[in-house]
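A short worksheet on the structure shown next.
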Amino acid sequence: MYNSPLWGGVGVVVWECRAAQQFGSSSLQSPVKKYKMTSLSLYDAGCSYCTLPCLVMMSRGICPRALGDCRHYHRKVSMEDGEIKSDGIYQLVYLNRNIHCLYLNSCRGLNDQALYDIAHYLGEKLSVLELDFLPNVIDPSSALFYLSRNCPNIKQLSLCRFFEVGRELTLMPEYRIAGVGLRDVDLHGNYFFTLPLLPPTVNRIRLSVCGDEDVNSLIDRLEMLPQLTSIHLQMNCKEPSWRCVEDANSFLRSILPYIGSKITRLHISLPTIIDGVFSLITQCLPNLSHLALDVKHINNKLLRLFFTGGIHSPGSRLRSLKLCRLRTTYRALFAIARGAHSITDLEVSHIPCVDDRFLALLADNCMGLKNINLNGCRYVTDKGLAALARKCCLKEVRIRATSCTDKSIYLLAQFCPDLEWISHADFSGRPKFSDKALQCLKDSCVQRVIC
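Count along the sequence shown from 1, then add 1483; that gives the number in the working numbering.
Here is the structure:
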């Protein structure tokens, strides 16, 4: 059961069945007397048997958003291609027209007709829709516009990798998404040369870019959204060639001064960030709360200055910082440990100079830290993890390819009763913890620990 943050009341999650006949059609159609069922998971064979008048939320698998914060107690149901087909969606929406939330991620058997059926039968009832990773939609532009026009009350729309990216730029249509109440749009993995036309009600958007986009057009489209307050921008370099890296840096240098005040989350995956671009990141993003850099080379002096000044430093506002494979210095790391006072989620994976001294300093200054990723930091030992465990109420710990031993596990069991997740062994089996220590950790924690 869970308390739905959207609709209130208690729901039962989740039924999983390859054939609804194993329950019997009468059991699916009979009213649920004790609990209000607000979420249901089915395969294609069961869609035509599902007639629940109280069903308001439908998921292809166990949906993280339906389960709220219990993200480690569920997983997406593994399916083979084609198990959910357009005919099954037709039966589902035809028989259950009260569905408010629909999650159809990675349903490879769906085509355009499924979107038209959803629009026709759910209409104004639909409030949340996820259509991530649907490769068989032939004309996504027409189908999505029809759906968004006929479902005007959609507030949250996720379209990760929804649009076809294999066409030439000159052949790509101009996409348009309608709606009168749309607020949250996720366009991750769609690399548009020109951003789709969006309704002016949008206030949150996630975008993926690679540097090839028309930067002036993108700025103009974003300025057409007067209520936009939060942009999650993800920059991914198509290939590590010098031309692509230069294009990506030029794109960031052009766009950050114009939309920097609205960027709240920034994720950059590039071999190198040039000094001018990193200066803009540290100076032009006053509302930045999440920063992720999968970058080898940046100016370490600028990184150090970003966190210099204690609670008054620009970096002190960050709640999440993720650095991967960065070639940095001790001085820059120590500046992070002293200045990142608001940090709750930190990744410093595969950075050679991360060691116990850094962790001890981090524990003294960042006591709100909940999640730590130290994968690949071979100089991290029990001493450093002990400092963190004693002063920070850790919930997620990743220590693959470190020098920690069973002592670290017992310390986590003693001082971190709210621990939910620990990732510890890579393909080489290092570090190798005993079953006794891991069982002690599981027994000592309030939550179920996923190892």
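Idealized CB from N, CA, C, for every residue including glycine.
Answer with buried or exposed for residue i, where buried requires no fewer than 16 other C-beta atoms within 10 angstroms of its C-beta.
i     : result
E1607 : exposed
Y1813 : exposed
M1718 : buried
D1758 : exposed
K1919 : exposed
N1699 : exposed
V1663 : exposed
I1545 : Bear in mind that a pLDDT of 36 at I1545, under 50, signals an unreliable position, so the number given afterwards is only what the model happens to contain. So I1545 ends up on the buried side.
N1581 : exposed
S1724 : exposed
E1563 : Caution applies to E1563, whose pLDDT of 35 falls short of 50 and renders its modelled position unreliable; the value that the coordinates give is listed next. E1563 should be labelled exposed.
I1714 : buried
L1511 : Caution is warranted here: a pLDDT of 45 is assigned to L1511, below 50, making its placement in the model unreliable, and no coordinate value can be reported.
P1900 : exposed
D1839 : buried
I1794 : exposed
S1513 : Any reading at S1513 needs caution, since the residue's pLDDT is 45, under 50, leaving its predicted position unreliable; the model's value is listed next. That one is exposed.
D1600 : buried
P1769 : exposed
D1926 : exposed
P1709 : exposed
P1740 : exposed
Considering only the beta carbon of each residue, do residue i and residue j sit closer than 8 Å?
i     : j     : result
G1597 : S1631 : Residue identity check: residue 1597 is Ala in the sequence provided, not Gly. No, Cβ-Cβ distance for A1597 and S1631 is not below 8 Å.
L1680 : R1666 : no
L1902 : K1878 : yes
A1843 : G1822 : no
I1738 : L1701 : yes
R1689 : L1670 : yes
P1618 : F1646 : no
C1836 : T1811 : yes
D1909 : R1881 : no
F1841 : A1820 : yes
G1672 : C1693 : no
D1595 : I1621 : yes
C1876 : I1905 : no
Between residue i and residue j, which are expected to be in contact by the criterion C-beta below 8 Å, what is the C-beta distance as a whole number of angstroms?
i     : j     : result
K1437 : L1809 : Look at the range of the chain in this structure, 1484 to 1934, and you will see that residue 1437 is not part of it.
G1743 : L1711 : That belief does not hold up - the Cβ atoms of G1743 and L1711 are roughly 13 Å apart, past 8 Å.
C1720 : P1754 : 7 Å
C1860 : T1885 : 6 Å
S1799 : S1825 : 6 Å
A1976 : L1829 : No answer is possible for residue 1976: it lies beyond the span of the chain, which begins at 1484 and ends at 1934.
C1634 : L1609 : 4 Å
From this set, the options, which residue's C-alpha is nearest residue i's C-alpha?
i     : options                       : result
F1916 : L1895, P1635, E1903 and Y1573 : L1895
T1827 : G1792, D1838, A1815 and K1874 : K1874
D1695 : P1709, D1703, E1706 and F1676 : F1676
G1592 : F1841, D1926, L1842 and I1572 : I1572
V1922 : R1913, P1914 and V1932        : It is Gln, not Val, that sits at residue 1922 in the sequence shown. It is V1932 whose Cα lies nearest to the Cα of Q1922.
N1579 : I1567, E1566 and H1603        : H1603
C1767 : H1795, L1735 and T1791        : L1735
F1463 : H1833, S1625, P1769 and C1928 : Past the edges of the chain, shown from 1484 to 1934, lies residue 1463, and the structure says nothing about it.
H1833 : G1792, D1777 and A1815        : D1777
K1445 : A1869, C1876, L1852 and I1905 : Absent from the model: residue 1445. The displayed extent of the chain is 1484 to 1934, so no value can be given.
K2016 : L1816, Y1893 and L1804        : The shown model of the chain, from 1484 to 1934, leaves out residue 2016, and the question about it has no answer.
M1707 : S1733, L1678 and E1722        : L1678
C1473 : L1801, K1568 and Y1893        : No information on residue 1473 is available, as it lies outside the stretch 1484 to 1934 that the chain covers here.
Q1639 : V1668, S1625, E1657 and A1626 : V1668
P1914 : I1892, Q1930 and L1924        : I1892
The region 1782–1797 / the region 1719–1734 touching (three or more Cβ pairs under 8 Å)
no
Is the region 1684–1698 touching the region 1616–1634, taking contact as three or more C-beta pairs under 8 Å?
no
Indicate whether the contact test is met: 3 or more Cβ pairs, each with one atom in the region 1734–1749 and one in the region 1758–1773, closer than 8 Å.
yes
Inter-stretch contact at 8 Å, needing at least 3 Cβ pairs: the region 1607–1620 / the region 1576–1590
yes
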